[in-house]
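Student: Here it is: the structure, laid out below.
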Amino acid sequence: MMNDKPKQAPTERAAPSAPSEPRRPSSPVCYAHEMESLHAGHLDEAELVELLNTLLEGERAGDKLALAFLRESPSEEATVLLAAVKRDEARFAAMLERLIERLGAKPSARVGDFYDMAMAIEGFAARLAFLNRGQGWVVRKLQAALPRVKDERIHAALKGMLGAHEANIARCAALLRTIPQ
Ligand SMILES: [Fe+2]
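Following the working numbering, the numbering of the sequence shown begins with 280 at its first residue and continues without gaps.
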């Protein structure tokens, strides 16, 4: 729909430096947001795909680890928790694959090195503690990256992943306190 308001004089914010770009209607608010985006150092598409693929490899490692740990679970409580962790890791791996594909990129097929590192550790409690440190790495990675993710859909998806990881870390830490070291 056309705006019937009388034409206004061009303002200083008309950008003369980008003549090839189609002129879009914008407001000072949008403009301020765009400027903020530039200064916040948002990830470009290649950086975003790299981040998502790194996270994907980590989730795949977590999924595989949780399965391996389930086989040596010392208690019903640990089994329930590991099954929930495994479900989340698999769910987020699938989510990350979808996000990467939606960006027109190819999801990595790798399993993160974290799997081999954790499996080299002896003892259920020590392995679970290592898994939790890996989940902590994911949390820090997400916390650092989230302010740099401009796409609202991807931002919301990663925020959900962050919350689930924080919850699982707390649950695993509580379980670890009940297991003799
Ligand atoms: Fe994870």
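All C-beta atoms, glycine included, are put in the ideal place defined by N, C-alpha and C. Treat the numbers as computed from the prediction; the structure is a model and nothing was measured.
1. Keeping to the same chain, check which residues put their C-beta closer than 7 Å to that of L466; ignore five residues upstream and five downstream.
2. For the 8 Å Cβ check, are there 3 or more pairs between the segment 428 to 437 and the segment 385 to 393?
3. Report all residues from its chain with a CB closer than 6 Å to the CB of A423; omit the five preceding and five following residues, and keep chain order.
4. Taking the runs of the beta strand (DSSP E) that are 3 residues or longer, which of them lie wholly in the segment 382 to 449?
5. Grouping DSSP H, G and I as helix and E and B as strand, with all else coil, what is T457?
6. Evaluate the contact criterion for the segment 364 to 371 versus the segment 393 to 407: three or more CB pairs, one atom per stretch, below 8 Å.
7. I want to know whether the segment 436 to 449 touches the segment 412 to 426 - three or more CB-CB distances under 8 Å.
8. CA-CA distance, A372 and A436?
9. Helix or strand or just coil, what does DSSP make of G320?
10. Among R389, F393, L407 and G391, whose alpha-carbon lies nearest the alpha-carbon of R350?
11. Taking its Cβ as the centre, do 16 or more other Cβ atoms sit within 10 Å of G320, making it buried, or is it exposed?
Tutor: On the basis of the data shown:
1. Absent from the structure is residue 466, since the part of the chain shown begins at 280 and ends at 460.
2. no
3. none
4. none
5. helix
6. no
7. yes
8. 12 Å
9. coil
10. L407
11. exposed
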